[in-house]
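Undergrad: In terms of full-length UniProt numbering, the sequence shown has 95 at position 95, counting the first letter as 1, and numbering is strictly consecutive. Every residue gets a Cβ at the ideal spot worked out from N, C-alpha and C, and that includes glycine.
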Amino acid sequence: MILVFGKTGQVATQLQRQATVTALGRDAADLSDPAACAAAIRAHAPRCVINAAAYTAVDRAEEDEDLATVINGAAPTAMAQACAALDIPFLHISTDYVFDGSGSQPWTPEDKARPLNAYGRSKRAGETGIMAAGGRHAILRTSWVVSAHGQNFVKTMLRLSETRDALSIVDDQIGGPTPAAEIA
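Have a look at this one:
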C-alpha cells in the first residue's frame, strides 16, 4: 500500500485518480503535529510514503513562519524518520522556492539552496531534515503546480480576468506550469 499525505491537494488528488493509494487528510494526520504524522505511518505500515502535503500560502508564511516551518519542515522530517526506521521509501514534494532565483540556467539538484522568503526557508528545513534522517528518500522540486482541482496561479488568473479589465501580476519570475498529473 502507498500512503499519501495531502489528500485534498492537487498532486494527491491526481495520485488518487491514477493509482490505488491510501490518502490522508488533515483529519487523519495534522501536519502541525509531526508526531501524529509519524504515528500514522507506523499505524498504516505502507510499502512507501509520498508527502504531497504542505503549507503553500507563500505570502502568509511571512506572517506565520513558525507554523509554515512546522508543517513544511518538522512534519516531513518526522515522516522521513519514521520511514527510515521502517526501511520504506519516502518521496517528498518540495519547491523551487528553495533557490534564490538568480542566474539564467535551470536549477539542478546540486545547486546551492538559498531561499529568499519564509516559505522557501520552511521547505528547505524539510529537505534538510529528510536528508539527515537517512533512509531511502527522494525529494522532487516542483514549480507552479496546476490542475483542474484546487487553487493555483492559472486558475486564479482565469478567475480574475472574468471580473477585472486589467491584471497586475509579478513580471520578474521565470517558470513554467507543471501539471499535477505529470508529477503524479
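According to DSSP, what are the bridge partners of Asn117?
TA: Reading the sequence shown from its first residue, position 117 is the one you call residue 117. Paired residues: none, contrary to the question.
Undergrad: Let me confirm a value: Arg42 is counted as buried when at least 16 other C-beta atoms fall within 10 Å, else exposed. Which label applies?
TA: Here residue 42 is taken as the residue at index 42 of the sequence shown, counted from 1. Answer is exposed; the Cβ neighbour count stays below 16.
Undergrad: Taking the CB atoms as reference points, tell me whether Ile93 and Ala125 lie closer together than 8 angstroms.
TA: In the sequence shown, the residue the question calls residue 93 occupies position 93. In the sequence shown, the residue the question calls residue 125 occupies position 125. Result no, Cβ atoms of Ile93 and Ala125 do not sit closer than 8 angstroms.
Undergrad: By the three-class DSSP mapping on this structure, what secondary structure does Phe5 have?
TA: Position 5 of the sequence shown, counting from 1, holds the residue named residue 5. Correct three-state label for Phe5: strand.
Undergrad: By DSSP, does Phe99 sit in helix, in strand, or in coil?
TA: As a position in the sequence shown, residue 99 is number 99, starting the count at 1. Looking at Phe99 - three-state DSSP - the assignment turns out to be coil, as it is neither helix nor strand.
Undergrad: CB-CB under 6 angstroms to Gln10, same chain, minus the five flanking residues each way: which ones, in chain order?
TA: On the sequence shown, position 10 is the one that residue 10 refers to. Val145, Ser147, His149, Gly150 and Ala180, listed in sequence order.
Undergrad: In the DSSP assignment, find the alpha helix (DSSP H) that holds Val21 and state where it starts and stops.
TA: Locating residue 21 in the sequence shown gives position 21, counting from the first residue. From DSSP, Val21 is part of no alpha helix (DSSP H) but of the beta strand (DSSP E) over Val21 to Leu24.
Undergrad: Would Arg141 and Asp96 be called neighbours here (beta carbons separated by less than 8 angstroms)?
TA: Locating residue 141 in the sequence shown gives position 141, where the first residue counts as 1. Locating residue 96 in the sequence shown gives position 96, where the first residue counts as 1. A contact, by the Cβ cut-off of 8 angstroms.
Undergrad: Mind reading off the beta-carbon distance from Ile50 to Val4? Whole number of angstroms is fine, and I expect it under 8 angstroms.
TA: As a first step, residue 50 is located in the sequence shown; it is residue number 50 there, counting from the start. As a first step, residue 4 is located in the sequence shown; it is residue number 4 there, counting from the start. Their Cβ separation, rounded to whole angstroms, is 5 angstroms, which keeps Ile50 and Val4 in contact under 8 angstroms.
Undergrad: First and last residue of the alpha helix (DSSP H) that includes Arg42?
TA: By 1-based counting over the sequence shown, the position of residue 42 is 42. Its alpha helix (DSSP H) spans residues Pro34 to His44.
Undergrad: Taking the alpha-carbon positions, what's the Phe90 to Ala78 distance?
TA: Within the sequence shown, the letter at position 90 stands for residue 90. Within the sequence shown, the letter at position 78 stands for residue 78. Roughly 11 angstroms separates the two Cα atoms.
Undergrad: Reducing DSSP to helix, strand and coil, say where Leu67 ends up.
TA: The residue labelled residue 67 in the question sits at position 67 within the sequence shown. Note: Leu67 maps to helix in three-state DSSP.
Undergrad: Evaluate Lys123 with the Cβ neighbour count: other Cβ atoms within 10 Å of its Cβ, from every protein chain shown; 16 or more gives buried, anything less gives exposed.
TA: Mapped onto the sequence shown, residue 123 falls at position 123. Buried, by the Cβ-count rule.
Undergrad: Indicate whether Asp30 and Ala38 have their beta-carbon atoms separated by less than 8 angstroms.
TA: Here residue 30 is taken as the residue at index 30 of the sequence shown, counted from 1. Here residue 38 is taken as the residue at index 38 of the sequence shown, counted from 1. Not a contact, by the Cβ cut-off of 8 angstroms.
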